[in-house]
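So the mapping is simple: our numbering equals the position in the sequence shown, first residue as 1, plus 41. The beta carbon of each residue, even a glycine, is placed where N, CA and C say it ideally should be.
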Amino acid sequence: MIKKTILFFKDIKFEHSLFALPFAYLGLIMAENGMPSSRLWFWVTLAMVSFRTFAMGINRLFDAAIDAKNPRTRDRAIPSGRLSKRAVTATAAISLAVFEYCAFILGPLCFLLSPVPFILAVFYPTMKRISWGSHFVLGSVLAIAPYGAWIASRGGFDLVPFLLSLGVIFWVAGFDMVYALQDIEFDRAEGLRSFPERFGKDLTLTATRILHLFSVIFWTVAGYLNGQGIFFFGGILLAALFMNRSHRLVRSFGTAKINEAFFVMNVIVSLGLFVATSVDIIF
42 MIKKTILFFK DIKFEHSLFA LPFAYLGLIM AENGMPSSRL WFWVTLAMVS
92 FRTFAMGINR LFDAAIDAKN PRTRDRAIPS GRLSKRAVTA TAAISLAVFE
142 YCAFILGPLC FLLSPVPFIL AVFYPTMKRI SWGSHFVLGS VLAIAPYGAW
192 IASRGGFDLV PFLLSLGVIF WVAGFDMVYA LQDIEFDRAE GLRSFPERFG
242 KDLTLTATRI LHLFSVIFWT VAGYLNGQGI FFFGGILLAA LFMNRSHRLV
292 RSFGTAKINE AFFVMNVIVS LGLFVATSVD IIF
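Listed below in structure tokens is the structure:
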């Protein structure tokens, strides 16, 4: 049982939680304008982790047949037979139940809105089969992190978390387009939709730069409206530099540097922004 659980979390790349989780924390401390309570830290963290586990489990289930055909993904747990669909379904269902309980604990508005991320997560793997806009659906799933945390803190809507979330949508869509470069030929052969499949490598890299520029703009405006200081904007500058670094890696080395450009650089972006915001607000 323990081995199966470890295998599941390895298969869904649990470490990629570091993309969205820091943005949830960022939204939380910006909403609180200080150190949140241990209660908020705990329930927001559990909500984020449980929902991502559900979303990735659903994605693996939807894509199992396609993953079995793709040389890059055929060794994943379901296609290789190391995990059954029943086990993944059960884990996803439990994770969804935990997420819904967290949403209930975090307040009536959080619970009322909890179907929204569920719908987006289920729609995403379907969208990959019908439109290159799937990258923006994935971005919308992760963009719930800062806004959801803000609502958990304040119990209402605001412009600042909306701008933070817009920035996350464009940021995620951009790096997911780059990640999709690995499968451009496979997607074309199988009739799957992605931005690279539709527009090619060069336009994909150009579009990614534009999307990430908009991310920086949205985050900057959000910080300005929330009265953030020099450390926050220093974090924005750091994020911009590392996003530019990821673009240069892919332009220079192609898909050989995808893992560094995709994982390392984007973890630095999300963690860097969270740390900079924490220093700016708390200290």
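The beta carbon of Leu124 sits closer than 8 Å to those of Lys45, Leu48, Phe49, Asp52 and Ala118, all from its chain and outside the five residues before and after it, given in chain order. Taking Ala186 as reference, the option from Pro120, Asp321 and Ala144 with the minimal CA-CA separation is Ala144.
Its chain contains Ser256, Phe259 and Trp260 as the residues whose beta carbon lies nearer than 6 Å to that of Gly208, once the 5 sequence neighbours on both sides are disregarded; these appear in chain order. Where Lys169 is concerned, there is no enclosing alpha helix (DSSP H), because DSSP gives it neither an H nor an E. In this structure, Tyr66 is the residue among Lys54, Phe55 and Tyr66 with its C-alpha nearest to the C-alpha of Leu312.
Proximity of the segment 128-140 to the segment 58-76 falls short of the contact definition, fewer than three beta-carbon pairs being nearer than 8 Å. Phe95 and Asn111 have their alpha carbons spaced roughly 23 Å apart.
Ranking Leu200, Pro156 and Leu205 by CA distance to the CA of Ala61 puts Leu205 first. Per DSSP, the unbroken alpha helix (DSSP H) holding Gly98 starts and ends at Ser79 to Phe103.
For Ile99, the CB contacts under 8 Å within the same chain, skipping 5 residues up- and downstream, are Ala133, Ala162, Val163 and Pro166 in chain order. Buried is the label assigned to Lys169, since at least 16 other Cβ atoms lie within 10 Å of its Cβ. By the neighbour-count criterion, in which a residue is buried when 16 or more other Cβ atoms sit within 10 angstroms of its Cβ, Ala131 is exposed.
Between the alpha carbons of Ala280 and Arg234 lies a distance of about 29 Å.
Around the Cβ of Gly215, a 10 Å sphere holds 16 or more other Cβ atoms; the residue is buried.
Judged by DSSP in its simplified three-state form, Gly295 adopts helix. Within the segment 221-256, complete alpha helix (DSSP H) segments of at least 4 residues are found at 225-231 and 236-240, given in chain order.
Minimum Cα-Cα distance from Arg292 among the listed residues Arg101, Val219 and Phe304 corresponds to Val219. Closest by C-alpha distance to Lys54, out of Ala105, Arg250 and Phe304, is Phe304.
Three or more Cβ pairs closer than 8 Å define a contact, and the segment 221-237 meets that threshold against the segment 102-111. The Cβ atoms of Ala193 and Leu81 lie closer than 8 Å to each other. Cβ neighbours of Val157 within its own chain (closer than 8 Å, five residues either side excluded): Ile185. DSSP places Ile53 in no alpha helix (DSSP H); its state is neither H nor E. In the structure shown, Leu124 falls within a coil segment according to DSSP collapsed to helix, strand and coil. Between Ile271 and Met76, the gap from beta carbon to beta carbon reaches 8 Å or more.
Comparing C-alpha distances from Pro149 to each of Gly197, Trp212, Ser79 and Pro202 shows the shortest one belongs to Gly197. Going by beta carbons, Phe283 and Ile309 fall inside the 8 Å limit. By the Cβ-count criterion, Arg93 is buried, with 16 or more other Cβ atoms from all chains shown falling within 10 Å of its own Cβ. Non-local beta-carbon contacts of Leu278 in its own chain, meaning distances under 7 Å to residues more than five positions away in sequence, are absent.
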